[in-house]
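I have placed the structure first, in the form of structure tokens, so that the comments after it can refer back to it.
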Amino acid sequence: MGKAKVGINGFGRIGRLVLRAAVEKDTVEVVSVNDPFINIDYMVVISAPSADAPMFVMGVNNETYNASNNHIISNASCTTNCLAPLAKVIHDNFGIIEGLMTTVHATTATQKTVDGPSGKLWRDGRGAAQNIIPAATGAAKAVGKVIPALNGKLTGMAFRVPTPDVSVVDLTCRLEKPASMDDIKKVIKSASEGAMKGILGYTEDQVVSTDFLSDTHSSIFDAGACISLNPHFVKLISWYDNEYGYSHRVVDLLTYIASKA
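Those letters in the sequence shown? Residues 1 to 261, by our numbering.
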């Protein structure tokens, strides 16, 4: 099979990074950017969560993709791409009864440079560079769409912080089966070297956010930052480059669906 030919509709931060990722990975050929006048038999991958298009997260539920009826699909959000692989490994091994997620999220293009009017929530109109801003996110609930067994068991929120890139997920959950932190680290490390290699990373280094700039993983488990209250109640930390890592998953999903066409 030759390279899949891909058109990019929109050339903002994610669109540009998808192009960079495509050139670096060399598995697809970008043939157009924002050209609406090409008559082709096409499939569309939305680089954002969607309320109605089916969502796919590489390494989690991409194998459920059906080329015959999935012509417009979503790559979910960068935060869902970070949380879902972690949640899948934990649920498959120990079972998740329920959980709360917080993402400490870098500034995005939707935020205000300085205080201004907001069309939705008052807090969303506050200046991004001067504030830590509590915000809503559907990323945790979206995990229930890509992992049906977790539907209704996860929810979460975000804190938008004044950093340009790299975010971090905090998943606090109750487990069905008792697990020590060493048990959890073992299964995460095994997954990062096996079935989820390239998707889920693992580190025991004393890292901070800038250490993950241009990291291509969807989620990098921070073994040294995790804590537990008891064998059934744990807090798990995972980092992600919310721009570059996510863009690599867009290219991976494009490559995957092209192979099924």
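We put the CB at the ideal spot given by N, CA and C, even for glycine.
Pair within 9 angstroms by beta-carbon distance, residue i and residue j
i	j	result
Met58	Arg249	yes
Ile188	Phe233	no
Ser214	Ser167	no
Ala76	Met55	yes
Asn9	Thr108	no
Ala4	Ala258	yes
Thr110	Gly156	no
Ala261	Asp165	no
Tyr240	Thr79	yes
Lys185	Cys226	yes
Reference residue i; option with closest CA among the options
i	options	result
Ser219	Thr203, Lys3, Phe233, Gly99	Thr203
Ser7	Glu24, Lys25, Ile46	Per the sequence presented here, residue 7 reads as Gly, with Ser not at that position. Comparing Cα positions, the closest option is Ile46.
Asn81	Asp183, Ala191, Val169, Leu236	Val169
Thr172	Ala48, Ile73, Asp26, Ser238	Ser238
Asn34	Gly245, Arg16, Gly156, Ser118	Arg16
Asn151	Leu253, Ala139, His105	Ala139
Ser228	Gln206, Glu193, Arg174	Arg174
Met196	Val60, Leu121, Glu29	Val60
Leu31	Glu24, Leu19, Asp182	The sequence given here has Val at residue 31, not Leu. Here the closest residue by C-alpha is Leu19.
Leu154	Gly119, Gly201, Glu98	Glu98
Gly201	Trp122, Glu29, Ala223	Ala223
Val28	Gly2, Arg13, Leu236	Gly2
Ser180	Asn69, Leu236, Asp211	Leu236
Nearest-angstrom Cβ-Cβ length linking residue i and residue j, presumed shorter than 8 angstroms
i	j	result
Ala158	Ala142	Not confirmed; about 13 angstroms, so no contact.
Ile199	Pro49	That pair is no contact at about 18 angstroms.
Val114	Ala191	Actually they do not touch by this definition, with Cβ atoms about 43 angstroms apart.
Ala53	Ser74	5 angstroms
Nonlocal neighbours in the same chain, by C-beta distance under 7 angstroms from residue i, ignoring five residues either side
i	result
Pro178	Pro231, His232
Thr267	A query on residue 267 cannot be resolved here, the shown segment of the chain reaching from 1 to 261 and no further.
Phe11	Val33, Asn34
Gln206	Gly224
Leu254	Ala4, Val6, Val28, Val45
Asn70	Pro54
Asp183	none
Arg13	Ala109, Glu243
Gly116	Gly125
Trp122	none
Glu176	Phe94, Gly95, Ile97
Other residues of its chain near residue i: CB distance less than 6 angstroms, five sequence neighbours each side excluded
i	result
Tyr256	Asn62
Asp252	Met58
Ile72	Val44, Ala53
Lys25	Val251
Ser118	Asp124, Gly125
Glu193	none
Spatial neighbours of residue i in its chain, beta-carbon cut-off 8 angstroms, leaving aside the 5 residues before and after
i	result
Ile132	Phe159, Arg160, Val161, Pro162
Inset, instruction - Give a yes or no on contact between the stretch 117-135 and the stretch 86-98, applying the rule of three or more CB pairs nearer than 8 angstroms. - result: No, the stretch 117-135 is not in contact with the stretch 86-98.
Inset, instruction - Evaluate contact between the stretch 58-70 and the stretch 144-151, counting only Cβ atoms and requiring at least three cross-stretch pairs below 8 angstroms. - result: By the Cβ test, the stretch 58-70 is in contact with the stretch 144-151, since at least three Cβ pairs between them sit closer than 8 angstroms.
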